[in-house]
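Trainee: Basically my numbering = 1-based index in the sequence shown + 130. Each residue gets a CB set at the ideal place from its N, CA and C atoms; glycine is no exception. Since this is a predicted model, take the numbers as computed values, not measurements. Structure in structure tokens, see below.
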Amino acid sequence: MSTSANTDFAPRSSTQEMDRRAKFVETFESSPIPRRELVYSQLSLYLTRQELSRMYAMTELYRDYVLGTNGVLMEFGTCYGRTSALLTNLRGMFEPFNFTRKLVIFDTFSGLCGTNEKDGNDRLATDGAYCAGDGYENHLAEVLSYHESESPISHRKKFEIVKGDASKSISTYLEKHPETIVAMAYFDFDIYGPTKACLEALRPHLTKNSVLAFDELNCPEYPGETSALAEVFGLGKCSLKRSPFSPWMSYTTCESIAG
Ligand SMILES: C[S@@+](CC[C@H](N)C(=O)[O-])C[C@H]1O[C@@H](n2cnc3c(N)ncnc32)[C@H](O)[C@@H]1O
């Protein structure tokens, strides 16, 4: 499930989990490990089982579906950018010389935008939730540039951050890039409006091998993502799969949608 930017940490957690995790944050903050070593070799000391599982599920998705097909990666809803960073590093690991594997990132960076009645009434399904903060995209660009610099062909920038309401910016992006073929689109807006708008806009850019992946299908707190997929492609046409390592992530290739 998603991180919580400007929201309570882990909205589904029990009180004991919340207390334990708050204490672990203190443990992390008081880490005696020198910062340089922390960043370059010891970060996994603090990596949780849940986050490791999510990374593993994404790694499988990349290896088994993205690697053998042409096209760009698109992330819809990045927040602080953990998935963008992971995808950048997976590209560097699995296909270091594929400079055509661009990563396009869509986010307002000011939180959810365009919630409506199809999004239910969870307190985190409201405009402004998951705000990463003013100017966060600059920090993200710096981090992604660093990760790119650690892999070959780093003089070619392979990511683009598209800031703004994706319901509108998706068309502008695709008009500017009519060559776009989607290898994988990862949806984590959590909500109906932008998910539906982006699914519709992507349609002419999908091949049978394109992967559509989602973070909140079948999610009672965020019903809008399921509604968007149902309305654009029809749930009955999607051969939905999931990794045993992630309770939330699920995906379909467009082969099943094309029939
Ligand atoms: C749950 S967070 C994403 C979490 C992130 N994928 C992760 O794994 O940490 C949802 C993100 O979608 C973005 N978002 C929601 N509605 C949007 C819209 N209409 N246009 C662009 N971004 C939007 C929010 O700003 C937020 O960063």
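Does the beta carbon of proline 324 fall short of 6 Å from some heavy atom of ligand 1?
Mentor: Stepping through the sequence shown from its first residue, residue 324 is reached at position 194. Correct: proline 324 has its Cβ closer than 6 Å to ligand 1.
Trainee: Using three-state DSSP, classify serine 171 as helix, strand or coil.
Mentor: Taking the first residue of the sequence shown as 1, we reach residue 171 at position 41. If DSSP states are grouped into helix, strand and coil, serine 171 belongs with the helices.
Trainee: Tell me whether arginine 179 is buried or exposed, calling it buried when 16 or more other Cβ atoms sit within 10 Å of its Cβ.
Mentor: Working through the sequence shown from its first residue, we reach residue 179 at position 49. By the neighbour-count rule (16 or more Cβ atoms within 10 Å), arginine 179 is not buried but exposed.
Trainee: Would you mind working out which of Ser275, Met148, His285 and Ile283 sits nearest isoleucine 291, comparing C-alpha positions?
Mentor: On the sequence shown, position 161 is the one that residue 291 refers to. Among Ser275, Met148, His285 and Ile283, the Cα nearest to that of isoleucine 291 is on Ser275.
Trainee: Counting only the same chain and skipping the five closest in sequence on each side, list residues whose C-beta sits under 6 Å from that of phenylalanine 317.
Mentor: On the sequence shown, position 187 is the one that residue 317 refers to. Once the five neighbours on either side are set aside, the close Cβ partners of phenylalanine 317 are Phe206, Thr325 and Phe344.
Trainee: Would you list the one or two residues that DSSP bridges to glutamate 314?
Mentor: Here residue 314 is taken as the residue at index 184 of the sequence shown, counted from 1. It should be noted that the sequence gives methionine, not glutamate, for residue 314. Answer by DSSP bridge pairing, in chain order: Leu203 and Val341.
Trainee: Just verifying my parser: in three-state terms, what is the DSSP assignment at arginine 212?
Mentor: Counting from one through the sequence shown, the residue named residue 212 turns up at place 82. Helix.
Trainee: Let me know the secondary structure DSSP gives tyrosine 176 once reduced to three states.
Mentor: In the sequence shown, counting from the first residue as 1, residue 176 sits at position 46. In this structure, tyrosine 176 counts as coil in the three-state DSSP scheme.
Trainee: Return yes when the Cβ of phenylalanine 375 is within less than 7 Å of the Cβ of alanine 187, no when it is not.
Mentor: Walking along the sequence shown from the start, residue 187 turns up at place 57. Walking along the sequence shown from the start, residue 375 turns up at place 245. Yes, the pair counts as a contact, with Cβ atoms nearer than the cut-off.
Trainee: Measure the alpha-carbon distance for threonine 256 versus serine 161 and round it to whole angstroms.
Mentor: Against the sequence shown, residue 256 aligns to sequence position 126. Against the sequence shown, residue 161 aligns to sequence position 31. Cα to Cα, threonine 256 sits roughly 35 Å from serine 161.
Trainee: Cβ of glycine 323 less than 7 Å from any chain C Cβ?
Mentor: Given the protein chain composition of this structure (a single chain), no chain C is represented.
Trainee: Please report the distance separating the alpha-carbon of proline 358 from that of arginine 165.
Mentor: To locate residue 358, count along the sequence shown from 1; it is residue 228. To locate residue 165, count along the sequence shown from 1; it is residue 35. Going by the sequence as given, residue 358 is alanine instead of proline. Alanine 358 and arginine 165: Cα-Cα distance of roughly 43 Å.
Trainee: In the DSSP output, what is aspartate 237 paired with across the bridge?
Mentor: As a first step, residue 237 is located in the sequence shown; it is residue number 107 there, counting from the start. Its beta-bridge partners are Lys293.
Trainee: If you check the beta carbons only, do glycine 354 and tyrosine 322 fall under 7 Å apart?
Mentor: By one-based count along the sequence shown, residue 354 stands at place 224. By one-based count along the sequence shown, residue 322 stands at place 192. A contact, by the Cβ cut-off of 7 Å.
Trainee: Between the alpha carbons of serine 297 and aspartate 149, how many angstroms are there, rounded?
Mentor: Here the question's residue 297 lines up with position 167 in the sequence shown. Here the question's residue 149 lines up with position 19 in the sequence shown. So the two alpha carbons sit approximately 38 Å from each other.
Trainee: For the pair the segment 266-283 and the segment 296-310, tell me if three or more CB-CB distances fall below 8 Å.
Mentor: With the cut-off at 8 Å, the segment 266-283 and the segment 296-310 do not touch.
Trainee: At the level of alpha carbons, what is the spacing between aspartate 249 and aspartate 320?
Mentor: The count along the sequence shown starts at 1 and reaches residue 249 at position 119. The count along the sequence shown starts at 1 and reaches residue 320 at position 190. Their Cα atoms are separated by approximately 9 Å.
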